[in-house]
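Protein chains in written order, with the numbering used here: chain V, 6 to 505; chain Z, 6 to 505. Glycine included, C-beta positions come from ideal geometry on N, C-alpha and C. Quick caveat, the model's predicted, so the values are computed rather than measured. Read through the structure below, which is laid out as structure tokens, and then see the notes.
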């Protein structure tokens, strides 16, 4: 019960917010709401809910089935919730203008928060199913027990001895990190946190996870390719396997992963469907990779199962629901977007990737799937670190006449000199930038902005937004496929063994 | 990097939100910002930070010292952050009008979110200190190890065998529940979630905690007073101790606690300082109660320590930082309030209480501290459950001429009949309501609203807001004191033993 008139709730006539909300009612009603009202989609949703319940309640000893069931359910809930909540999000101020469209419609923003909340609540309900085996075998019959229990039992309780407490702690720590990212994402969407502060916050979010890693896994060893090993230790006989203990540096590396993944997805963004699309592709490839470890033991019945099977099962439990909520989000975020995903989604998805990489101890494989993000980050670095001017928005510019997107540009008031000039001309020569020079003095007047999106546009020429998205997602999928193949062909050749 | 012009960030000139934000700039600059700028308070804060670091880094094997240190730090961070973030909160729409003041100033709302975030981040950093003993003893010397580790170690890792995984899981689950409440609270402050939905959401938030309780404690036994035991089992000889296993009902009871605590604090609200004040008092009494278990073992050196010591230490670790952030919040929320705490704070504090009660297995003691909330809930029930009309706001009404608060009233268009009439006349007769009757027909025209705050005002007559708050907090402290004494005097007499 509120102690005052809440300004946001629509009963305070005449305040500024309401004006904003009535102004944007039209595009919302056109865009978001009607999409789920068709009878076919309702029947489909009911079918999916039935399917999910069937999977969940017949899963008993198989968490994977339950996870698939919960994922299907998460998809339906997200898909139904987004159009319902869209107008509410706009009402409270989560909205933004789509600059890639002629009339710059105002649409709901931060819809990733819906995905994140559905994801997390799903996970809450999934926990008992994940540990069902241990809960049932150890406490069966407890309902009928008639023990006379003494007072000390009242204080100390019982403990399920076979129960994998460390696994539960891992799972809870991962959820805790994700919750932190949700809060951080929403805070960023609300308050537009400064770049520097944002960068470090995921490192705080991931602290519990790293503690649990330290406690329950503690492996800070990395395999080193034998030829590097030989270069570094020419005097030593090759010890097999050549493994180096990174010690504390491994923890710093994990922190770096936690900072990199969320932020790198957040900067490869700006056109409809790209943030959710790239996350979907990365997640699907992570699932492929997990399957390579899980299938031999589960489907083909190989014994003993691969020692990393458990780690990859855990990864699957985190990735599957992400795929589900992302597909639902993409339905509304694909061109022409009716909602924006917000920084919240990018952070959240990035954190899921970081933590499956950390918990599953395959963060280097993960990096192979993030090649477009790494390239974009390195390519963006001159602007991110202010070596070259960085305009507030670097997303491609709509040419209103053609309806196509063109690379956005940074204009130099003062002709660039020194390092800046060297960087621009070098990149310009190798076609990694599109430079505009003064016809007389040949000084550089402007350059395309330093993002992979703009780079692709300078190569292809103007494209419609959805074609550009498809092209970029194609590149993402191609990179992931090459990464996955490299992981299981080239890497084993270099390292002398595949841990598959 | 954003894909669009964010409407909230102040670069979209001409939208409605900005008008709202400029309109309220003045009261903010008068109220919130200057309070921390005095040199004395800066020196004081620097001293406190120094003190906290001294405590944290000299705590080594004593988590309690580290917890005190972190709490002091949390206090400083919260106290410094609230005035800084206030204007930002107003800018994005977290604001409300203070109806208890003549000019109804618009002040920042949802400031409990700052407390909650500081609290949770503090807890993240506290975790390693809580388990320092186990981390150091088991991994000492690991920096120098030169083991040749085989490939399976890479996959399976090591596990600290002595490490209390179940304790860590408990701690993480508790934090997870608190994070859920933060998200729920902010969502409620933003979207004004419907009463029915709100009620059930804490039950979802507490799921991980209940699972951990099931796994690691699993006690569903409650002590029964021997005389009740004899009434129920007249034929049986008195078994000592008379303990009943509630089984599943105990879990339902815990769910009910998780729903009741946050909501009950949220409905005993409406005047400056009351929400934070009552939470502070409850928290201090919880700390007193914990001390009764901890001090004999720690300070007086009694052996063996009380079996519930660990549970009460855990409770202390959660309660101390809450006290710290609440004191900081109260500095700004006390009459005349410069910020509102928001539903976020009420939910968050309530959930801290619920979970220390659950994890410490002293939820019945907790209920003794919540007597004013229980009374308020029962007294409010006729309006909450729509037996009697419930106006949108039930907080006391300001008499602009006297500057004093008077009970707010519900007016009956149609004279009440049946159950409603019976209830009103009965409560009116025992002075639990202030009724206004039609001078001619003697039918009831209006009644004071059904909240403890209004009830106190009908007894005392009009009061200034701060005096009313002091009176209500005095009642809270009195009830808690009586509860604490009853817990350790009357309860042992009834149950035949004190578990102190």
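Reduced DSSP category for residue i - H, G, I as helix; E, B as strand; rest coil
i: residue 336 of chain V; result: helix
i: residue 109 of chain V; result: coil
i: residue 427 of chain V; result: helix
i: residue 515 of chain V; result: Nothing in the structure corresponds to residue 515 of chain V, since chain V is present only between 6 and 505.
i: residue 66 of chain V; result: coil
i: residue 415 of chain V; result: strand
i: residue 154 of chain V; result: Below a pLDDT of 50, predicted positions are generally treated as unreliable, and residue 154 of chain V, at 45, falls in that range; the measurement from the model is reported next regardless. Reduced to three states, the DSSP call for residue 154 of chain V is coil.
i: residue 331 of chain V; result: helix
i: residue 120 of chain Z; result: helix
i: residue 306 of chain Z; result: coil
i: residue 128 of chain Z; result: helix
i: residue 92 of chain Z; result: helix
i: residue 72 of chain Z; result: helix
i: residue 396 of chain V; result: coil
i: residue 203 of chain V; result: helix
i: residue 83 of chain V; result: helix
i: residue 496 of chain Z; result: helix
i: residue 311 of chain Z; result: coil
i: residue 433 of chain Z; result: helix
i: residue 316 of chain V; result: helix
Residue range of the alpha helix (DSSP H) that includes residue i
i: residue 171 of chain V; result: 170-196
i: residue 510 of chain Z; result: The displayed coordinates of chain Z run from 6 to 505. Any statement about residue 510 of chain Z would go beyond what the structure contains.
i: residue 284 of chain V; result: 279-303
i: residue 357 of chain Z; result: 347-364
i: residue 470 of chain Z; result: 470-493
i: residue 221 of chain V; result: 212-221
i: residue 262 of chain Z; result: 253-272
i: residue 386 of chain V; result: 376-389
Residues of its chain near residue i, where Cβ-Cβ distance is below 8 Å and the 5 sequence neighbours each way are ignored
i: residue 184 of chain Z; result: 125
i: residue 232 of chain V; result: 499
i: residue 293 of chain Z; result: 489
i: residue 464 of chain V; result: 436
i: residue 260 of chain Z; result: 208, 211 and 215
Residues bridged to residue i [DSSP beta-bridge criterion]
i: residue 518 of chain Z; result: Past the boundaries of the shown model lies residue 518 of chain Z; chain Z is included only from 6 to 505, so the question cannot be answered.
i: residue 97 of chain V; result: Note: residue 97 of chain V sits in no beta bridge, so no partner.
i: residue 410 of chain Z; result: Z:403 and Z:468
i: residue 137 of chain V; result: Answer is none; residue 137 of chain V lacks a bridge partner.
Close-in-space but distant-in-sequence residues of the same chain around residue i (CB under 7 Å, 5 per side omitted)
i: residue 361 of chain Z; result: 291, 320, 323 and 324
i: residue 409 of chain V; result: 467, 468 and 469
i: residue 169 of chain V; result: 139
i: residue 485 of chain Z; result: 286, 287, 290 and 374
Cβ shell of residue i (< 6 Å), same chain only, five flanking positions each side left out
i: residue 357 of chain Z; result: 323 and 327
i: residue 118 of chain Z; result: 191 and 349
i: residue 148 of chain Z; result: Confidence in residue 148 of chain Z is poor, its pLDDT being 40 and thus under 50, which makes the residue's placement too unreliable to answer from.
i: residue 267 of chain V; result: 207, 352, 355 and 356
i: residue 481 of chain Z; result: 283, 286 and 377
i: residue 39 of chain V; result: Unreliable placement is indicated for residue 39 of chain V, whose pLDDT of 45 sits below 50; no coordinate value is reported for it.
i: residue 229 of chain Z; result: 247 and 249
Residue range of the beta strand (DSSP E) that includes residue i
i: residue 404 of chain V; result: 402-404
i: residue 442 of chain Z; result: 440-442
Heavy atom of the ligand NAD within 7 Å of residue i beta-carbon
i: residue 398 of chain V; result: Ligands are entirely absent from the displayed structure, and the ligand NAD is therefore not among its contents.
When you check each C-beta in the segment 172-187 of chain Z against every C-beta of chain V, which residues fall closer than 8 Å? Taking 8 Å as the cut-off between beta carbons, the residues of the segment 172-187 of chain Z near chain V are 173, 174, 177, 178, 180, 181, 184, 185 and 187, in sequence order.
When Cβ atoms are compared, which residues of the segment 199-213 of chain Z fall closer than 7 Å to chain V? For the segment 199-213 of chain Z, which is checked against every Cβ of chain V, the residues closer than 7 Å are 209, 212 and 213.
Using a Cβ cut-off of 9 Å, which residues of the segment 436-457 of chain V contact any Cβ in chain Z, in chain order? Within the segment 436-457 of chain V, the residues whose Cβ lies closer than 9 Å to some Cβ of chain Z are 456, listed in chain order.
What are the residues in the segment 316-332 of chain Z lying within 9 Å of chain V by C-beta distance? Within the segment 316-332 of chain Z, the qualifying residues are 316.
Would you list, in chain order, the members of the segment 78-99 of chain Z that have their beta-carbon closer than 7 Å to a beta-carbon of chain V? Contact residues of the segment 78-99 of chain Z toward chain V are 93, 97 and 98 (C-beta to C-beta distance below 7 Å).
Beta carbons nearer than 8 Å to chain Z: which residues of the segment 118-135 of chain V have them? Those would be 122, 125, 126, 129, 130, 132 and 133, in chain order.
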